[in-house]
């Protein structure tokens, strides 16, 4: 028995769709500007330059149960709280420098997730050339619907992805429009970090990001996966 100075927290875990299993989260990677139209709306050239990544802490993950709407508190220190709908990939085995043709073997499953963002804080830090964790890596900033095992999920090389606010379309695109697809992202990322079981990769958001306020409900999905629903409170 380890002699910890205090009891360590249990890992955050995401329910597995159609199962009693839980997927423990180790680390959360996020790909920035991975849809060309979203890159343009953020003021960037969408040419196919190498992808870039940022991280959220594992305890930023908020599991959202199937068929339920989670009450998500409006965060402190922002007046411009944005949604970003994303396909989330769960890694199931350890690997580094993963060849592109082997990347699929490392995928444990998929989920629909939200990369919630303090956009004003992110932009302030970016303009000053500083890291922007306070805009991306805050508490409760990564709601995720139940995971689907890769073996049970449909092919996600091409699948509609959408988000609505109070029933009105805000984001609608297709996974085929990723600049760097899932396997390319895994291969590239594994050259910089040894990927481990429990890692999550948020693969980027399409165009149409925008602000939400208290009382509004966000719903979204990647077709073939479990939808996500949160109400801002």
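Residue numbers (UniProt numbering): 1 to 233.
Backbone N, C-alpha and C fix where the C-beta goes; we use that ideal spot for every residue, glycine too.
When secondary structure is reduced to three states using DSSP, residue 32 falls in the strand class. Annotated as distal: residue 142 and residue 110, with beta-carbon spacing of 8 Å or more. For the pair of segments examined, the region 156-168 was found to touch the region 217-224: the number of CB pairs separated by less than 8 Å reaches three. In chain order, 118, 120 and 121 place their CB closer than 7 Å to the CB of residue 78, counting only its own chain and leaving out the 5 sequence neighbours on each side. Here DSSP, grouped into helix, strand and coil, assigns residue 153 to coil.
Our two residues, residue 182 and residue 123, have alpha carbons roughly 27 Å apart in a direct line. Rounded to whole angstroms, residue 138 and residue 57 show a C-alpha spacing of 8 Å. Across the structure, residue 83 and residue 200 are spaced so that their CA atoms are roughly 18 Å apart.
Short of 8 Å from the beta carbon of residue 196, and not among the five residues preceding or following it, lie these beta carbons of its own chain, in chain order: 26, 27, 91 and 94. Counted as a single uninterrupted DSSP element, the alpha helix (DSSP H) harbouring residue 185 occupies residues 182-189. Between the region 178-193 and the region 94-104, the count of Cβ pairs shorter than 8 Å is three or higher; the stretches touch. Distance from the CA of residue 5 to the CA of residue 24, rounded to the nearest whole angstrom, comes to 23 Å.
Note: residue 226 is not bridge-paired with any residue in the DSSP secondary-structure output.
Restricting attention to 146, 81 and 108, the CA atom closest to the CA of residue 68 is found in 146.
Excluding five sequence positions before and after residue 209, the CB atoms of its chain that fall closer than 6 Å to its own CB belong to 82 and 84, given in chain order. Taking 4 residues as the shortest admissible run, the region 79-135 contains the following complete alpha helix (DSSP H) segments, listed from N- to C-terminal end: 119-127.
The Cβ neighbour count for residue 104, taken over all protein chains shown within 10 Å, is under 16; the residue is labelled exposed. Here residue 220 is bridged, per DSSP, to 163 and 228. Linking residue 75 to residue 113 through their CA atoms gives a straight-line distance of about 18 Å.
Annotated three-state conformation of residue 201 is strand, per DSSP.
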